[in-house]
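For any residue, its number in this note's numbering is found by taking its place in the sequence shown, counting from 1, and adding 26. Ideal Cβ placement from N, Cα and C applies to all residues, glycine included. As structure tokens, the structure follows; a few thoughts come after it.
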Amino acid sequence: MNAPIKEVVVWNSDDYDQIIDVRSPEEFRIDHVPIAINMPVLSNIERAEIGTIYVQKSRFLARRKGAIFVSKNIAHHLENELSEMGSNFRPLIYCWRGGQRSRAFAQICSEIGWHTHILKGGYKSYRRAVVKSLEHIADKFKFVVVGGQTGSGKTDILVKLEETGAQVVDLEGLAKHRGSLLGAFPDQSQPSQKYFESQLVEKLSEFNSKHPVFIEAESSRIGELLIPNNIWKRMSLAPLVMINVPLDARSDYLVSSYKNLKLLTKNLTGLIKGMKSRYGNDRMICWQNLLNDKNWLGLAKNLLEFHYDPAYERSMKRHDRKILKEIIQLNCSSGCIIDSANQIKNLKIP
27 MNAPIKEVVV WNSDDYDQII DVRSPEEFRI DHVPIAINMP VLSNIERAEI
77 GTIYVQKSRF LARRKGAIFV SKNIAHHLEN ELSEMGSNFR PLIYCWRGGQ
127 RSRAFAQICS EIGWHTHILK GGYKSYRRAV VKSLEHIADK FKFVVVGGQT
177 GSGKTDILVK LEETGAQVVD LEGLAKHRGS LLGAFPDQSQ PSQKYFESQL
227 VEKLSEFNSK HPVFIEAESS RIGELLIPNN IWKRMSLAPL VMINVPLDAR
277 SDYLVSSYKN LKLLTKNLTG LIKGMKSRYG NDRMICWQNL LNDKNWLGLA
327 KNLLEFHYDP AYERSMKRHD RKILKEIIQL NCSSGCIIDS ANQIKNLKIP
């Protein structure tokens with residue numbers, strides 16, 4: 027006897043054992059429910075081929091070809107990703123709008139006997155909910171910004187804070203970018219703006235509004251991504267915990283943290299040349315010579331002193347945040363990072 031197929035509007039529920047996104051890999055890459063697993067019923071190439079048949083031949087031939095692809099791909103997933111699922115398995119399935127692709131997969135799951143759910147409206151309804159949530163979700167939280175000049179170890183402090191049970195949003199981790207000239211993660215591209223937003227909403231939805239949310243923010247832009255406007259506004263008004271670390275210690279930290287410097291030499295050359303109009307030819311020659319000599323420590327110190335630190339000071343003047351506490355951190359060693367995290371954790375947040 028077939029198990030019932032239930033259409034639902036909620037995706038973040040304990041009623042499902044697994045969320046299955048049956049859209050193409052490219053659709054999934056652009057955005058998806060963060061905990062979903064991609065089991066496409068059509069590959070990128072197959073989806074494009076069906077579209078071509080639909081336009082150039084007929085709807086009937088496109089649907090027939092689609093049925094061939096879909097049947098083959100569902101069988102593949104049953105033999106692989108779903109091969110160990112027992113009789114009580116409860117999947118939630120979604121496609122672009124809750125139509126043919128998700129229903130085809132759901133029908134097979136139902137025939138097996140699995141209690142299957144379909145997300146009403148599919149990904150489109152999920153995306154609308156994310157956009158709506160971005161308009162107000164930040165309003166219920168009390169943000170505390172962990173600030174400090176570049177190379178102060180702020181991200182490491184946030185990691186330690188989270189390990190103590192504090193509520194932390196690692197924006198740079200979600201964005202796969204450190205937000206600086208050297209910010210790109212090695213061998214990792216940034217997510218799409220939509221998926222960045224999906225992760226952000228997912229993270230904030232886990233938090234208790236009675237407790238503060240610690241976050242790092244020097245700019246509304248992280249690489250190619252933008253912090254959603256309403257969240258950025260709330261962050262701009264948030265009080266600040268300032269981490270003060272000497273220049274030499276910050277230079278050491280940058281060199282040890284950015285282990286991909288050698289891989290970035292070509293990119294750095296282009297970035298340095300691009301700043302000529304701002305800093306002048308003499309400064310450009312200095313930076314390029316340090317780069318050519320692979321004097322990473324000298325380059326890091328020079329960039330901090332003449333590029334990053336002045337930019338940070340300008341940012342501080344624009345936002346004029348209330349400073350809750352200034353922490354003097356001698357360096358970015360593990361001990362100092364843990365000590366700073368503990369000081370922040372023990373703060374009384376008004």
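| Query | Result |
| --- | --- |
| If you drop the 5 nearest sequence neighbours on each side, which residues of the same chain put their C-beta closer than 6 Å to that of Arg116? | Tyr42, Asp43, His141 |
| Cα separation between Leu230 and Val195? | 8 Å |
| Quick check on the DSSP output: what are the complete beta strand (DSSP E) runs of length 3 or more inside the segment 123 to 197, in order along the chain? | 142 to 145, 169 to 174, 193 to 195 |
| For Val281, name the three-state secondary structure that DSSP assigns. | helix |
| Sorted by chain position, which residues of the same chain lie with C-beta nearer than 7 Å to Ser218's C-beta, five sequence neighbours on each side aside? | Ile56, Asp57 |
| Kindly give me the distance between the Cβ atoms of Leu316 and Leu330, rounded to whole angstroms, as I take these residues to be in contact under 8 Å. | Not quite, the Cβ-Cβ distance comes to about 12 Å (not below 8 Å), so this is no contact. |
| At which residues does the beta strand (DSSP E) containing Lys351 begin and terminate? | 349 to 354 |
| Can Ala269 and Lys180 be called in contact, C-beta distance under 8 Å? | This sequence places Ile at residue 269; Ala is not what is there. Yes, these two residues count as a Cβ contact at 8 Å. |
| Exposed or buried, which one is Lys374 when buried takes at least 16 other CB atoms within 10 Å? | exposed |
| Counting only the same chain and skipping the five closest in sequence on each side, list residues whose C-beta sits under 6 Å from that of Val35. | Lys146 |
| Less than 8 Å between the CB atoms is what I'm expecting for Phe131 and Ile100, so what's the real figure, rounded? | 6 Å |
| By DSSP, does Ile119 sit in helix, in strand, or in coil? | strand |
| Skipping 5 residues on each side, what residues in its chain have a beta carbon closer than 8 Å to that of Ser277? | Gly177, Leu323, Ala326, Lys327, Leu330 |
| Just curious, the beta strand (DSSP E) that Phe240 is in, first and last residue? | 239 to 241 |
| Report buried or exposed for His333, applying the criterion of at least 16 other Cβ atoms within 10 angstroms of its Cβ. | buried |
| In angstroms, rounded to a whole number, what distance separates the CA positions of Arg309 and Leu294? | 14 Å |
| Please return the same chain residues whose Cβ sits closer than 7 Å to the Cβ of Gly124, not counting the five positions on each side in sequence. | Ile144, Leu145, Lys146, Gly147, Gly148 |
| Using 8 Å as the threshold, is the segment 355 to 372 in touch with the segment 188 to 203, meaning 3 or more CB pairs across them? | yes |
| With three or more beta-carbon pairs closer than 8 Å as the criterion, would you say the segment 148 to 167 touches the segment 73 to 84? | no |
| Find the nearest neighbour of Pro51 within the set Ser39, Ile183, Asn64, Asp40, judged by alpha-carbon distance. | Asn64 |
| Between Ala93 and Tyr80, is the Cβ-Cβ spacing less than 8 Å? | no |
| Give the list of continuous alpha helix (DSSP H) stretches no shorter than 4 residues that lie fully inside the segment 246 to 330. | 255 to 262, 273 to 283, 291 to 300, 302 to 305, 307 to 318, 322 to 329 |
| By Cβ distance below 6 Å, which residues in the same chain neighbour Ala243 in space, the five residues on each side in sequence not counted? | Val171, Met261 |
| For Glu75, which residues does DSSP report across the bridge? | Glu75 is not bridged to any residue. |
| Please report the residue range of the alpha helix (DSSP H) in which Glu105 lies. | 85 to 105 |
| Out of curiosity, what's the CA-to-CA distance linking Leu184 and Ile363? | 9 Å |
| Enumerate in chain order the residues of its own chain whose CB-to-CB distance from Gly296 is below 8 Å, with the five nearest sequence positions on each side excluded. | none |
| How many Å lie between Ala164 and Lys236 at the Cα? | 13 Å |
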